[in-house]
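Reviewing the structure listed below.
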Amino acid sequence: QQQVKQSPQSLIVQKGGISIINCAYENTAFDYFPWYQQFPGKGPALLIAIRPDVSEKKEGRFTISFNKSAKQFSLHIMDSQPGDSATYFCAAGNTGNQFYFGTGTSLTVIP
Amino acid sequence: KAGVTQTPRYLIKTRGQQVTLSCSPISGHRSVSWYQQTPGQGLQFLFEYFSETQRNKGNFPGRFSGRQFSNSRSEMNVSTLELGDSALYLCASSRGASWLGELFFGEGSRLTVL
Numbered sequence: 108q109q110q111v112k113q114s115p116q117s118l119i120v121q122k123g124g125i126s127i128i129n130c131a132y133e134n135t136a137f138d139y140f141p142w143y144q145q146f147p148g149k150g151p152a153l154l155i156a157i158r159p160d161v162s163e164k165k166e167g168r169f170t171i172s173f174n175k176s177a178k179q180f181s182l183h184i185m186d187s188q189p190g191d192s193a194t195y196f197c198a199a200g201n202t203g204n205q206f207y208f209g210t211g212t213s214l215t216v217i218p
Numbered sequence: 064k065a066g067v068t069q070t071p072r073y074l075i076k077t078r079g080q081q082v083t084l085s086c087s088p089i090s091g092h093r094s095v096s097w098y099q100q101t102p103g104q105g106l107q108f109l110f111e112y113f114s115e116t117q118r119n120k121g122n123f124p125g126r127f128s129g130r131q132f133s134n135s136r137s138e139m140n141v142s143t144l145e146l147g148d149s150a151l152y153l154c155a156s157s158r159g160a161s162w163l164g165e166l167f168f169g170e171g172s173r174l175t176v177l
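These protein sequences, in sequence, are chains A and B. First residue of the first sequence? That's 108 in the working numbering, and the numbers climb one at a time after it. First residue of the second sequence? That's 64 in the working numbering, and the numbers climb one at a time after it.
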C-alpha cells in the first residue's frame, strides 16, 4: 500500500510559469512533510519541509501548501526556471518511524 | 565539510551473487538510512541504523541486510541477487534520528543484476 501518493508523474512548464506537484497521505500520525529535489546523477536534497501546525510555508520561489483535513500537501514553484528541471519527491513521516516517499515527479521547464 | 560518500558508484553482478555496498556518513551524523530507488517506485525504505542499532526496517526480504560500525559507517548486503534488485541504492545520513529532520543523501550505488 502506497502511504504517499504523488502526482503528476511528469510535468512540463514554460519558463516563468507555476509548477504544482501534489501529494496525498494516509497516516494521520505523520507529522513531518519534506520535499526533496533530485538532479540526474545526484542524490535527493532537501528543498523545503513543513509540519502540520501551519498551512503554508514559503522559501523563495518554493511554497508548500498543507491541508490537514484532506490529508494533502502540494509544492508550488513560482516563476519556474530551466534550472528547476529535476525530479521532485514528497515524503511523510512521524516520530519513531520511517519516511515514506512519493514516486516522484519529473519536472521540465522549457526556456 | 565532506558529504555522504557511497562506494562503489557502479557495479554489475549476476543472479545468485551477493553484493556489499558501503556508506560513509557526514562527520558527526549518527543515523544512516538506506533506500532503494527504481523508476516508477520512487524511494523505498530499506532500514535505518542509529548508533550501531537497527531502528527501523522496511518491507524487504531477508536477503537485504545491513549493519553500522562504531564510526557510523554503514554497509548493506544483498545476497542471492535477483534481476529485480537492479536499482540505485541510496544512503542518507542525519545528525539525530531520521524523523527529526533533514536527510543528507549520497549519490548512490547503481547496481545492475544480469
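By construction, the Cβ of each residue, glycine as well, lies at the ideal position given by its N, Cα and C atoms.
- Secondary structure of residue 123(A) (DSSP, three-state): coil.
- Using a CB distance cut-off of 8 angstroms, residue 153(A) counts as an interface residue toward chain B.
- Within the segment 158–172 of chain A, not one residue has a Cβ closer than 9 angstroms to any Cβ of chain B.
- Around residue 144(A), no beta-carbon contact reaches into chain B at under 7 angstroms, the shortest distance being about 11 angstroms.
- Looking at 89(B), 146(B) and 101(B), the one whose alpha-carbon comes closest to that of residue 196(A) is 101(B).
- DSSP, reduced to helix, strand and coil, places residue 144(B) outside both helices and strands of the structure shown, so it counts as coil.
- Taking C-beta atoms as the reference points, residue 97(B) and residue 110(B) count as a pair closer than 8 angstroms.
- Per DSSP, reduced to three states, the secondary structure at residue 218(A) is coil, with no helix or strand assignment.
- As summarised for the segment 146–210 of chain A, the continuous beta strand (DSSP E) elements at least 3 residues long and confined to that stretch are 152–157, 163–166, 169–174, 179–184 and 193–199, given in chain order.
- If you draw a straight line from the Cα of residue 156(B) to the Cα of residue 123(A), it is about 35 angstroms long.
- In the structure shown, residue 150(B) falls within a strand segment according to DSSP collapsed to helix, strand and coil.
- With respect to residue 143(A), residue 152(A) sits close: the two C-beta atoms are nearer than 8 angstroms.
- Contact check between the segment 125–144 of chain B and the segment 79–88 of chain B: three or more CB pairs, one atom from each, fall below 8 angstroms, which counts as touching.
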